[in-house]
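Protein chains in written order, with the numbering used here: chain H, 1 to 337; chain S, 338 to 674; chain A, 675 to 1011; chain U, 1012 to 1348. Idealized CB from N, CA, C, for every residue including glycine. These figures come from a predicted structure and were not determined experimentally.
4 protein chains.
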Amino acid sequence: MIIVFKPTATEDDIDHLSDRLRELGLKTQISTGEERTIIGVIGDDRILEHQPLSVFPGVESVTSILAPWKLVSREFQQHNTVVQVDDVAIGGKRIAVIAGPCAVEKLEVTVGIAHEVKAAGAMLLRGGAYKPRTSPYSFQGLGREGLDFLAEAKKQTGLPVVSEILDPRDTDMFLEKANIIQIGARNMQNFELLKEVGAYDKPVLLKRGLSATIKEFLLSAEYIISRGNKNVMLCERGIRTFETHYRNTLDLSAIPALKELSHLPVIVDPSHATGKWNLVAPLAKAAIAAGADGLLIEVHSNPECALCDGEESLKPHRFKDLMIELEKIAGAVDREL
Amino acid sequence: MIIVFKPTATEDDIDHLSDRLRELGLKTQISTGEERTIIGVIGDDRILEHQPLSVFPGVESVTSILAPWKLVSREFQQHNTVVQVDDVAIGGKRIAVIAGPCAVEKLEVTVGIAHEVKAAGAMLLRGGAYKPRTSPYSFQGLGREGLDFLAEAKKQTGLPVVSEILDPRDTDMFLEKANIIQIGARNMQNFELLKEVGAYDKPVLLKRGLSATIKEFLLSAEYIISRGNKNVMLCERGIRTFETHYRNTLDLSAIPALKELSHLPVIVDPSHATGKWNLVAPLAKAAIAAGADGLLIEVHSNPECALCDGEESLKPHRFKDLMIELEKIAGAVDREL
Amino acid sequence: MIIVFKPTATEDDIDHLSDRLRELGLKTQISTGEERTIIGVIGDDRILEHQPLSVFPGVESVTSILAPWKLVSREFQQHNTVVQVDDVAIGGKRIAVIAGPCAVEKLEVTVGIAHEVKAAGAMLLRGGAYKPRTSPYSFQGLGREGLDFLAEAKKQTGLPVVSEILDPRDTDMFLEKANIIQIGARNMQNFELLKEVGAYDKPVLLKRGLSATIKEFLLSAEYIISRGNKNVMLCERGIRTFETHYRNTLDLSAIPALKELSHLPVIVDPSHATGKWNLVAPLAKAAIAAGADGLLIEVHSNPECALCDGEESLKPHRFKDLMIELEKIAGAVDREL
Amino acid sequence: MIIVFKPTATEDDIDHLSDRLRELGLKTQISTGEERTIIGVIGDDRILEHQPLSVFPGVESVTSILAPWKLVSREFQQHNTVVQVDDVAIGGKRIAVIAGPCAVEKLEVTVGIAHEVKAAGAMLLRGGAYKPRTSPYSFQGLGREGLDFLAEAKKQTGLPVVSEILDPRDTDMFLEKANIIQIGARNMQNFELLKEVGAYDKPVLLKRGLSATIKEFLLSAEYIISRGNKNVMLCERGIRTFETHYRNTLDLSAIPALKELSHLPVIVDPSHATGKWNLVAPLAKAAIAAGADGLLIEVHSNPECALCDGEESLKPHRFKDLMIELEKIAGAVDREL
């Protein structure tokens, strides 16, 4: 922590803050420059992270030096985390493609899509049973029945299932019926939910919030890991910007940035990011080229009648074509599909 | 709903979509222009809000015409909603000032601040018992004990109490101990929590999400009201933008915009928006001048030692001075304090 | 300047950078903490502002301590700058209201509006002769003839004239015909234009760019002042955010922030910020309450037929009503209108 | 154009606007729905683009249907534009890599870098002679001498030269000495400069503004083409968002979006977008995978001493490695390098 004083700060101001820092058990080093006095705090200054040092008299600015997270960091663990879900390893050389409908609708549709995405090479099945919808008048998902349909699809295809939890009271059900629990973008800072899923070792796919910084994203992952659950995957799914031509702005710079700062696998969801099916293929390819460990792609056999996000869903034959193209990109960056 | 076709759309494309609309029970009107064909959907087209019409062949764009909300709208209720909390009316001529510490810490500090803000003219007491913190290592609030301290402060001062709920499993406790339940910015789209507080008639202070549009904000309010709870107040608390000089960018244009679109009271929180105590006073005054119905202001007797957000807290004497200035502004816009 | 090294940095890394700093003539102070080594640069480290220190081996982060501007800062000049334009003083106790049409259209319309805004109490006349339009097919302004119409309006009403320059080749014409030269938001970082207007002492109204930070805004003002022209006024006119309900998001926090950092007058333009005439009055009042030194307001006698931005223009009678309301707010914050 | 009336609109309101539309020579079609009346304007309604229809009494919203641009659109020209610069074709099957230092510094350094990037496979040389710097105290470029150094580098290597123009008064010099004139992000809406370069047939590389939408970007290109210059290339270089971990957020969704809407070549600049050299390679690969026609990459032989943007510059050996990786990606998407 670096504390810079205003040119008008008095010696009393500097002593007053120094005393407080010593009270907190910290060592300090004072530099008196020509224009400003600076205090450097030595040692683990994380306890200062949320101390309101900037309100002390004479203080101009306070700058943190250490990253506020620990367990998610590359410094803490240098090798990549590989999350094992049944016999699928996420975060290794092979890229994990998770595909399926936005929302689970009917049993036969769900099972049908599962068979099709499997045939095309997908390794996991996605599907929403509980849907967080902007409007209370939109389809809210089938709930428990939706999870049952996914479980049935898994039984028939062997594909492990990813589904989104909305309510901490549903944890037991998800532990039983899903293979990966998804925390959606709108709940990235629903800390009670993070604590809840942190209490088990069930794999968690944590989506980045619409306006979450890289730092906040990693701190939300830290919530889960600090409760004991190390099986966390990060998912970039577009951030909110001024641009309205697509639903959100997919931030692919986050891939190398997250891989540098953290050891966790990074998945990319081009479907939700763009909200337009015809942008999914180029961005899926770009994500692999930039180093993503996996993709989350919406596939629907009849997008025109999908109850949720049909605009961004690929038809199965387009998904199949995409998988062929992705394989080439994977090869070009020394990965497998 | 207005559907515009591409110049390359065929008659089949137009018929195919027209058939689908008729299937859904909607009347249509087709305009064939020189460059484009347009279908206008007549009647209540809200059922189309989440139909993926843009994936139909030949469609260029789909534009919604009706606002997607109903119960929160001025069209639905022309007069202002006034939320009654004990003997305090929020949304009427008198401006409601809600003040207190960010987080509840010790009983005597909480009660002390309550007495001071009351003496300065505040009408309600705020205080966080459960704190949504970006880092798992930050102070997470006293929990149930914090609510008890607030209840004690209310007993001694008579000030009704506003506190934030984080977990739907805590509803009973909040119904018993708080007078207004706050839904924080990070939970504005925690729809399970919205549904939960919508099931009672306890007043709810709904904060705008960091990246929530006016439209999404009103739809979250609609979630609560559509479940039966009409006692909803909207709170603008700053949005996330590229500017880093303040924590968030307070969006005061939202005040007249929300008052035009909706009948609900609008409260402004300049403390969280700016994160800097010395910006609170000018923005509090601006909020009243722009038509806000109330203010949420952080006050702490010893900001240097506050466990949360000390940077933005006013000392009691500064809050007292501010109340005197606010009274003048209120008078200038024909309101009372 | 504070340079933080990675935990993996070697002594060689630290020596290598220390040498470079000494080469540049700077004194350094090295702190060796438990997790990180830190170098503090003492003295005027502005010469480091654009040195790529972060590419040196082992460097984790580089943080600037001194503000990068000098002449615009409160530190440099503690008293408020008051810009004198004929007999109007901008930046003093009296609030300067600048009103008029977005674009100059016809002579009689321009002169008519000038008379009306003067009657309502405006102190200066605004009007665009050269219009920066997003589309090449939109009305681009009358050009030189527009400046002549404004000059005629000044002759008849005595109101000094504000008009926007787009091209450095037009400087002479603006020096002759305008009383304040406006640099528009899109040209805030057109540095050649800033240098050009910096070479004279003609007052300049510098608008904040759509995505300009407070820091960049002040540095653009510094461009002008560093060339010799001290008569600079800052104008907040809304920034670009994700919100689409209004054209831009008016950032009123910028008023107290700019007044704290700088001695220059701060003007607010609620018309361009919102793009909606019915939001202009509440935000104009809010701006005064927050401490603005002036307002820029669009007024048009027939908004329905305005060639530019009719949506946001007030009719003269509404402007007159607004002036009465503004006077009350001004009084409440101890200013005059 | 679709005009929607409020439920409270009167017949007079509807007649009044209809009359205005007829005055402007437009045909209208009126739909009277259950909740709203709608007017559809038939024919080329671009003349309405900047008519303030929303201020007419009773109007709720106005929605444009036609894209506001013409000459840049795929509708206008279905085949891809290929810009020819000497013997380099940009926009065809071969991907154009433009590399070089941010700013031109010394002759021998410039020529040296030119030789190195050529040896690695770059097809064009970039280098700034006039630098738009945020601070007036930063290195502003060598000016005319810098252009001479670039010309010399071209003479020695044969690489055509891209350099940025800042001032319309420098056009003649750029026509003579540069092979592609770059319009930088800060000048994307410097319309006088756009008009100026539109008057010749010299190729123009137009960078997207920091907060420019896809729509505004294309309209700026339309400015140039509508003046007669068809040799325009679009360059995505990152937009400004809330994320501060990188300098800007590279918007790779813009690649397929621009290619769909327009026939112009799309270049990507990962160096300026991220501001960090170690993010350049993954994002360069992603850009090619997403369909970019070219890349703009900063290369400097001694980034530690670069006078501008050393943080984001690749050393020549890293650039060479990147070219080898890019070739694989190009092959995977059926392109050549």
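- Which same chain residues, not among the five before or five after H:Leu-307, have their C-beta less than 6 Å away from its C-beta? Once the five neighbours on either side are set aside, the close Cβ partners of H:Leu-307 are Ala-103, Glu-105 and Phe-139.
- Message: Strictly below 7 Å CB to CB, what residues from chain A border S:Leu-620?
- Response: Chain A residues near S:Leu-620: Leu-926, Ser-927 and Ala-964.
- Message: Cutting at 8 Å between CB atoms, please list the residues of its own chain near S:Val-422, excluding the five before and the five after it.
- Response: Correct list, in chain order: Leu-461, Pro-497, Asn-516, Ile-517 and Pro-540.
- Query: A:Gly-858 to A:Arg-882, Cα distance in whole Å?
  - Reply: So the alpha carbons of these two residues sit roughly 8 Å apart.
- Task: Could you name the residues of chain A that S:Tyr-583 contacts, counting a contact when the two beta carbons are closer than 8 Å?
- Result: Residues of chain A passing the Cβ test: Ser-927 and Ala-931.
- Measure the C-alpha to C-alpha separation of H:Asn-231 and H:Ile-95 and round it to an integer number of angstroms. For H:Asn-231 and H:Ile-95, the gap between their C-alpha atoms comes out near 17 Å.
- Message: Going by C-alpha to C-alpha distance, which of A:Pro-775, A:Gln-830, A:Gly-817 and A:Pro-990 sits closest to A:Glu-972?
- Response: If we check each option's Cα against that of A:Glu-972, A:Pro-775 comes out closest.
- Query: According to DSSP, is A:Ala-980 helix, strand or coil?
  - Reply: A:Ala-980 falls in the coil class under three-state DSSP.
- Quick one, which residues of the region 1189-1212 of chain U are near chain H if we go by CB-CB under 9 Å, in chain order? Among the residues of the region 1189-1212 of chain U, none has a Cβ less than 9 Å away from any Cβ of chain H.
- In the DSSP assignment, find the alpha helix (DSSP H) that holds A:Gly-786 and state where it starts and stops. Start and end: 781-794.
- Message: Taking the beta strand (DSSP E) that S:Ser-368 belongs to, which residues open and close that run?
- Response: Residue range 364-369 is occupied by the beta strand (DSSP E) that includes S:Ser-368.
- Would you mind telling me which residues of chain S sit closer than 7 Å to U:Val-1015, beta carbon to beta carbon, in chain order? Scanning chain S for C-beta atoms nearer than 7 Å to the C-beta of U:Val-1015 yields Ile-402, reported in chain order.
- Identify every run of the beta strand (DSSP E) within the region 558-604 of chain S, keeping only runs that are complete inside it and at least 3 residues long; order them along the chain. You should have 569-573.
- Query: What does U:Glu-1247 reach in chain A if we use C-beta pairs closer than 9 Å?
  - Reply: Among the residues of chain A, none has a CB under 9 Å from the CB of U:Glu-1247; the nearest is roughly 16 Å distant.
- Top-ranked residue by Cα proximity to A:Leu-655, from A:Ala-931, A:Gln-856, A:Ile-913 and A:Leu-849: With chain A represented from 675 up to 1011, any question about residue 655 of chain A goes unanswered, as that position is not in the structure.
- Task: Using alpha carbons as the reference points, say which of U:Ala-1232, U:Asn-1313 and U:Phe-1160 lies closest to U:Val-1083.
- Result: When only C-alpha atoms are compared, the closest one is U:Ala-1232.
- Can a CB atom of chain H be found closer than 8 Å to the CB of U:Ala-1232? U:Ala-1232 does not count as touching chain H.
- Message: Within 10 Å of its beta-carbon, does A:Asp-967 have 16 or more other beta-carbons around it, so buried, or fewer, so exposed?
- Response: So A:Asp-967 counts as buried.
- Query: Is it true that the CB of S:Ile-666 sits closer than 8 Å to the CB of A:Ala-1006?
  - Reply: Contact annotation: A:Ala-1006 and S:Ile-666 have beta-carbon atoms nearer than 8 Å.
- Query: Taking 8 Å as the CB-CB limit, is S:Lys-665 close to chain C?
  - Reply: Here the protein chains are H, S, A and U, and chain C is not one of them.
- Under 8 Å between the Cβ atoms of H:Leu-210 and S:Ser-472? Judged by beta-carbon spacing, S:Ser-472 lies beyond the 8 Å limit of H:Leu-210, meaning their Cβ atoms are not closer than that value.
- Query: Is the shortest distance between the beta-carbon of A:Ala-980 and the beta-carbons of chain U less than 8 Å?
  - Reply: For A:Ala-980, the answer is yes, since a Cβ of chain U falls inside 8 Å of its Cβ.
- Query: Are the beta-carbon atoms of H:Val-57 and H:Glu-35 separated by less than 8 Å?
  - Reply: Strictly speaking, residue 57 of chain H in this sequence is Pro, with Val absent from that position. Not a contact, by the Cβ cut-off of 8 Å.
- Task: Identify every run of the alpha helix (DSSP H) within the region 507-567 of chain S, keeping only runs that are complete inside it and at least 4 residues long; order them along the chain.
- Result: Whole alpha helix (DSSP H) segments, 4+ residues: 508-514, 528-535 and 551-563.
- Closest by C-alpha distance to S:Gly-647, when choosing among S:Gly-464, S:Gln-415 and S:Trp-614: Minimum Cα distance to S:Gly-647 is reached at S:Trp-614.
- Query: U:Ile-1109 and U:Leu-1307 look like a contact to me (Cβ under 8 Å); what is the Cβ gap, rounded to whole Å?
  - Reply: About 5 Å separates the beta carbon of U:Ile-1109 from that of U:Leu-1307, a gap short enough to meet the 8 Å contact definition.
- Could you please give me the residues that DSSP links to U:Arg-1137 through a beta bridge? The bridge partners DSSP lists for U:Arg-1137 are U:Val-1173.
- For A:Ile-772, name the three-state secondary structure that DSSP assigns. A:Ile-772: strand per DSSP, three-state reduction.
- Item | Best match in H:Thr-274, H:Thr-213, H:Gly-141 and H:Pro-316 for proximity to H:Thr-249 [C-alpha to C-alpha] | The shortest C-alpha separation from H:Thr-249 is found at H:Thr-274.
- Item | From S:Ser-391, S:Lys-455, S:Tyr-474 and S:Leu-543, residue whose alpha carbon lies closest to that of H:Lys-195 | Cα-wise, what sits closest to H:Lys-195 is S:Tyr-474.
- Item | chain H residues whose Cβ lies nearer than 7 Å to that of S:Pro-640 | In chain order: Pro-52 and Val-55.
- For the beta strand (DSSP E) that A:Ser-735 lies in, which residues bound it at each end? Looking at the DSSP string, the run of the beta strand (DSSP E) that includes A:Ser-735 is 733-737.
- Message: Quick check: H:Leu-252 and U:Leu-1325, are their CB atoms within less than 8 Å of each other?
- Response: Their beta carbons are not under 8 Å apart, which means H:Leu-252 does not touch U:Leu-1325 by this criterion.
- Task: On a CA-only basis, which of U:Pro-1079, U:Leu-1294, U:Val-1066 and U:Arg-1346 is nearest U:Tyr-1234? Give me that one, please.
- Result: Comparing Cα positions, the closest option is U:Pro-1079.
- Query: Of all the options A:Arg-748, A:Val-729, A:Ser-705 and A:Gly-766, which has the alpha carbon lying nearest to the alpha carbon of A:Asp-1008?
  - Reply: Per the Cα distances, A:Gly-766.
- Message: I need the straight-line Cα distance from A:Asp-693 to U:Gly-1132, nearest angstrom please.
- Response: When rounded, the separation of the alpha-carbon atoms in A:Asp-693 and U:Gly-1132 is 35 Å.
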